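> In this text, residue positions in the sequence shown follow the working numbering: the first is -13, and each later residue adds one. The beta-carbon is built from N, C-alpha and C at its ideal position, and this holds for glycine as well. Bear in mind the structure is a predicted one, so any value in this text is a computation, not a measurement.
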Amino acid sequence: MKQETMYAELLELITTDAASGKEAAIARRLAGKLEKLGFTVTADQAGETFGGECGNLLGVQEGTLDGALLLCSHMDRVPNGLGIRPVERDGILYSDGTTILAADDVSGICAIFEGLRRVLTSGKPLPRLEVYFTVGEESGLYGAKATDVSRFHARLGYIFDSPGRVGRFVTSAPGHYHLGAEITGLAAHAGNEPEKGIDAAKIMCDMLSSLKQGRLDAVTTANFPILSTGSTATNVVCDAAAFSGEARSRDPQRLADYVAYFEAHCQKVAEKCGAGLKLEKIESFLPFRIPEEDEVVQIAKAACASLGIPCSFESGGGGMDANIFNARGLTTIGVATGYTKNHTKSEQLVLEDFYRSGELAAALIETFAERCVAK
Ligand SMILES: [Zn+2]
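(1) Whose CB is closer than 7 Å to a heavy atom of ligand 1? List the residues in chain order.
(2) Can you find the residues in the same chain that come closer than 6 Å, C-beta to C-beta, to N221, ignoring five residues on each side of it along the sequence?
(3) For the candidate residues E333, T133, R71, whose alpha-carbon lies nearest to that of N312?
(4) In terms of residues, what are the limits of the alpha helix (DSSP H) holding C290?
(5) Is there contact here, the segment 112 to 131 with the segment 89 to 102, by at least three beta-carbon pairs under 8 Å?
(6) What is the residue span of the beta strand (DSSP E) that I363 lies within?
(7) On the three-state DSSP scale, how would you describe F248?
(8) What is the C-beta distance between C58 and I145, in whole angstroms, given that I count them as a contact (C-beta under 8 Å)?
(9) Cutting at 6 Å between CB atoms, please list the residues of its own chain near R114, excluding the five before and the five after it.
(10) In this structure, how does DSSP classify F274 when only helix, strand and coil are distinguished?
(11) Could you check whether V27 and G45 sit closer than 8 Å to each other, using their CB atoms as the reference points?
(12) If V152 and T323 are in contact, beta carbons under 8 Å, what's the gap, nearest whole angstrom?
(13) Which runs of the alpha helix (DSSP H) spanning at least 4 residues fall entirely within the segment 72 to 143, listed in chain order?
(14) If I measure Cβ to Cβ from I268 and keep anything under 6 Å in the same chain, skipping five residues before and after, which residues do I get?
(15) If you measure between the beta carbons of L(-1) and A355, is that distance less than 8 Å?
(16) In this structure, what does DSSP give as the bridge partners for Q334?
(17) Would you say A261 and I212 are within 8 Å of each other, going by their C-beta atoms?
(18) Work out the CA separation of K19 and G37 for me, nearest whole Å.
(19) Starting from the C-beta of T207, find all residues in its chain whose C-beta is less than 6 Å away, skip the five residues before and the five after it, and write them out in chain order.
(20) Please classify R137 as buried or exposed, where buried requires at least 16 neighbouring CB atoms within 10 angstroms.
(21) Let's test the definition: count the other Cβ atoms within 10 Å of the Cβ of K131 and tell me whether it reaches 16, buried, or not, exposed.
(22) In the DSSP output, what is I212 paired with across the bridge?
(23) Please classify A5: is it buried, with 16 or more other beta-carbons within 10 angstroms of its beta-carbon, or exposed?
(24) How big is the Cα-Cα spacing for A226 and E9?
(25) Flag this pair as yes or no: are the beta carbons of G166 and E266 separated by less than 8 Å?
(26) Could you tell me how far apart the beta carbons of H329 and I12 are, in whole angstroms, since I believe they sit closer than 8 Å?
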């Protein structure tokens, strides 16, 4: 059945233009909504770390119970998310096919608001609630990276930012490295004395053709799709070439091992050919895996059971704010809100799942509250 308040809020926020680094308009709306519910709202300086126009929003409401719970979503969306015209067909919301839908992550924001409205009107005792809306998630987890997690009282939380049916939780995700190599060769006339040159383009190809990549094992992958050379003429031996790509693994040791292998491999090939080499390795985010016995999973199970929602705890394929928070000691898992095919023009949201994700947000807060004691 249609839940008018959630549906109207969903359309309002989907049609509020936003992008990574351009979250000011949606942030203003969300701050207003939080204040209306009685939250104290502050913004940080996270936008400055990546050229964005505003920071992360933190809304806090003190409770009568000892304990604090974090509920988080991101305010930005992937590109092609401006001027969205949502279309509903048979209980599923789509864009008109020319843009994304931005259910990732507007549906997560709306689920949190519905959960808050429900628990605040229930009159039941509550813990301190910390609602966090981040910036720049899609373009590189910038808001999360700029977060000092010691500002939260919560030690655990739920990130409403995962695809799939309601009841799906993401309890592990891979870590990610950006890797690159710049090869310096030596220019020489290609016709007169090619033997005096050092061909950086060929060395790059040698490096790549003998580099282990693709599927490396069940939990580790690598991909190097970006290649370039400094050459603009065919009559000079190439003196500069570069390539870059990524490595991912759910296992932190295997990720570290691959990065070390990548460096050693490139150095060996460059040395053999007498070429110069500059390597680039940037840790984008670390993997996480939250065990089933962890409280954050147990609460999720109990909350789903109270609503009769079947639940599953699965691995996600990409990075999310939870990667950063977990690496910093704040235990968080992803919560699905009913969308699929996110980041594409075919993105869709199953409205029944979306409405239930609002009930789930309330049940997560209530189940957490039952474990707290009065102050
Ligand atoms: Zn997202």
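According to the data block:
(1) H60, D90, D91, E123, E124, D147, M306, N328
(2) Position 235 of the sequence shown holds residue 221. Closer than 6 Å at Cβ, skipping near neighbours: A176.
(3) As a first step, residue 312 must be located in the sequence shown, where it is residue number 326. Closest option to N312, Cα to Cα, is T133.
(4) By 1-based counting over the sequence shown, the position of residue 290 is 304. That run of the alpha helix (DSSP H) goes 281 to 293.
(5) yes
(6) Look at the range of the chain in this structure, -13 to 361, and you will see that residue 363 is not part of it.
(7) Here residue 248 refers to the residue found at position 262 when the sequence shown is read from its first residue. Residue state, collapsed to three classes: helix.
(8) The residue given as residue 58 occupies position 72 in the sequence shown. The residue given as residue 145 occupies position 159 in the sequence shown. Right, their Cβ atoms sit about 5 Å apart.
(9) Reading the sequence shown from its first residue, position 128 is the one you call residue 114. Around R114: E48, G49, A54, H139.
(10) Position 288 of the sequence shown holds residue 274. It is a strand residue.
(11) To locate residue 45, count along the sequence shown from 1; it is residue 59. To locate residue 27, count along the sequence shown from 1; it is residue 41. In contact: G45 and V27 (Cβ atoms closer than 8 Å).
(12) Against the sequence shown, residue 152 aligns to sequence position 166. Against the sequence shown, residue 323 aligns to sequence position 337. Yes, they are in contact, since the Cβ atoms of V152 and T323 sit about 7 Å apart, within 8 Å.
(13) 89 to 108, 128 to 131
(14) Stepping through the sequence shown from its first residue, residue 268 is reached at position 282. H164, listed in sequence order.
(15) For the purposes of this step, residue -1 is taken as residue 13 along the sequence shown, with counting starting at 1. For the purposes of this step, residue 355 is taken as residue 369 along the sequence shown, with counting starting at 1. Not in contact: L(-1) and A355 (Cβ atoms no closer than 8 Å).
(16) As a first step, residue 334 must be located in the sequence shown, where it is residue number 348. Partner(s): Y80, T326.
(17) As a first step, residue 261 is located in the sequence shown; it is residue number 275 there, counting from the start. As a first step, residue 212 is located in the sequence shown; it is residue number 226 there, counting from the start. No, the pair does not count as a contact, with Cβ atoms beyond the cut-off.
(18) Here residue 37 corresponds to residue number 51 of the sequence shown, with the count starting at 1. Here residue 19 corresponds to residue number 33 of the sequence shown, with the count starting at 1. Each residue's Cα considered, the two are about 26 Å apart.
(19) Working through the sequence shown from its first residue, we reach residue 207 at position 221. Here the set comprises R201, R234.
(20) Against the sequence shown, residue 137 aligns to sequence position 151. Flag for R137 reads exposed.
(21) Mapped onto the sequence shown, residue 131 falls at position 145. It is buried - the Cβ of K131 has at least 16 other Cβ atoms within 10 Å.
(22) What you label residue 212 is simply residue 226 of the sequence shown in a count that begins at 1. Paired residue(s): S230.
(23) Indexing the sequence shown from 1 puts residue 5 at position 19. Buried: at least 16 other Cβ atoms inside 10 Å.
(24) Within the sequence shown, numbered from 1, the residue matching residue 226 stands at position 240. Within the sequence shown, numbered from 1, the residue matching residue 9 stands at position 23. Whole-angstrom Cα-Cα distance: 39 Å.
(25) For the purposes of this step, residue 166 is identified with residue 180 of the sequence shown, where counting begins at 1. For the purposes of this step, residue 266 is identified with residue 280 of the sequence shown, where counting begins at 1. Yes, the Cβ-Cβ distance between G166 and E266 is below 8 Å.
(26) Within the sequence shown, numbered from 1, the residue matching residue 329 stands at position 343. Within the sequence shown, numbered from 1, the residue matching residue 12 stands at position 26. Between I12 and H329 the Cβ distance is about 18 Å, and since that is not below 8 Å, they are no contact.
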